[in-house]
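**Q** All letters in the sequence shown, in the order written, are residues 2 to 109 by our numbering.
Don't be surprised by glycine CBs; every beta carbon is placed ideally from N, CA and C.
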Amino acid sequence: MKKQKINPIPLTPTQLQQRQNQLVVLDARSWLEYLFGHIPNAQRFHPRRILNEVSKEQAITVVCLSGHRSTPVAQWLLEQGYQKVYNLQGGLIAWKQTGYRTKFGLQP
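(1) Please classify R20 as buried or exposed, where buried requires at least 16 neighbouring CB atoms within 10 angstroms.
(2) Compute the Euclidean distance between the alpha carbons of V63 and V74, then round it to the nearest angstrom.
(3) Considering only residues of the region 44-93, which uninterrupted beta strand (DSSP E) runs meet the minimum length of 3 residues and lie entirely inside it, listed in chain order?
(4) How about G106 and L27: do their beta carbons lie closer than 9 Å?
(5) To the nearest whole angstrom, what separates the beta carbons of I40 and T103, a pair I think is in contact under 8 Å?
(6) Does DSSP classify L36 as helix, strand or coil?
(7) Which of the three DSSP states is assigned to K6 in this structure?
(8) Assuming L27 is part of the alpha helix (DSSP H), what are its boundary residues?
(9) Quick one: grab the DSSP three-state call for L107.
(10) Taking the alpha carbon of Q16 as the reference point, which residue from L66, G91, Q108 has its own alpha carbon closest?
(11) Distance, Cα to Cα, Q81 vs I10?
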């Protein structure tokens, strides 16, 4: 019997903005993309660091540019036993279109 795939919970930019202080925000893009603009307090996704430093009970939102690269990362987190994994719908593009600010540089 094939194991059923668990999907991350979709989250809109407004929902993320309202709950950002309750979530770990992971950016699944390259360091260069991150450098040129990311959601404030978003961390670059490093699998080993996340597994070692983030509790499985912690709510996590995964972000990329449009929402396509973040989906497999979010699914991987669910497979690792994380219980509350969200995927930002529309990614950073939607975040910016909503009018929310981005931060530049390599610091979250």
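**A** Result, derived from the coordinates:
(1) A residue is called buried once 16 or more other Cβ atoms fall within 10 Å of its Cβ, and R20, having fewer, is exposed.
(2) Straight-line spacing of the CA atoms in V63 and V74 works out to 7 Å.
(3) Taking only runs of at least 3 residues, the beta strand (DSSP E) segments lying wholly in the region 44-93 are 61-64, 86-89.
(4) No, the Cβ-Cβ distance between G106 and L27 is not below 9 Å.
(5) 6 Å between Cβ atoms; contact.
(6) L36 falls in the helix class under three-state DSSP.
(7) The DSSP-derived three-state label of K6 is coil.
(8) Premise fails: L27 lies in the beta strand (DSSP E), 25-28, not in any alpha helix (DSSP H).
(9) Three-state DSSP puts L107 in coil, outside helix and strand.
(10) Comparing Cα positions, the closest option is G91.
(11) The straight-line gap from Cα to Cα measures roughly 16 Å.
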